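Numbering (this note's numbering), first residue to last: 222 to 286. Virtual Cβ for every residue (Gly too), placed ideally from N, Cα, C. Computed from a predicted model, the values in this text were never measured in an experiment.
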């Protein structure tokens, strides 16, 4: 994967096989790392586009996931 943006070592956006991959890694439970990742189509060449990456914690989810 070619990293486009990485923050704090855990949040990332990258390109792989013509797709955007984005997600984060978190420490869960007994020192076990979990990866939450999604993919999206890569933007078309020579067309204007915007990339926005937000982390929105949920009150109903555990803080580490």
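Exercise for the section: Tell me whether residue 285 is buried or exposed, calling it buried when 16 or more other Cβ atoms sit within 10 Å of its Cβ. Expected result: Stepping through the chain shown from its first residue, residue 285 is reached at position 64. Annotation note: pLDDT 46 at residue 285 (below 50); position unreliable, no value reported.
Exercise for the section: Taking residue 236 as part of the beta strand (DSSP E), name the residues at either end of that continuous run. Expected result: Indexing the chain shown from 1 puts residue 236 at position 15. Where residue 236 is concerned, the enclosing beta strand (DSSP E) stretches over 232-237.
Exercise for the section: Could you check how far apart the C-beta atoms of residue 242 and residue 262 are, in whole angstroms? I think they sit under 8 Å. Expected result: As a first step, residue 242 is located in the chain shown; it is residue number 21 there, counting from the start. As a first step, residue 262 is located in the chain shown; it is residue number 41 there, counting from the start. At roughly 12 Å, the Cβ-Cβ gap does not stay under 8 Å, so residue 242 and residue 262 are not in contact.
Practice task
Note down the Cα distance separating residue 229 from residue 267, rounded to an integer number of angstroms.
Solution key: Mapped onto the chain shown, residue 229 falls at position 8. Mapped onto the chain shown, residue 267 falls at position 46. Roughly 30 Å separates the two Cα atoms.
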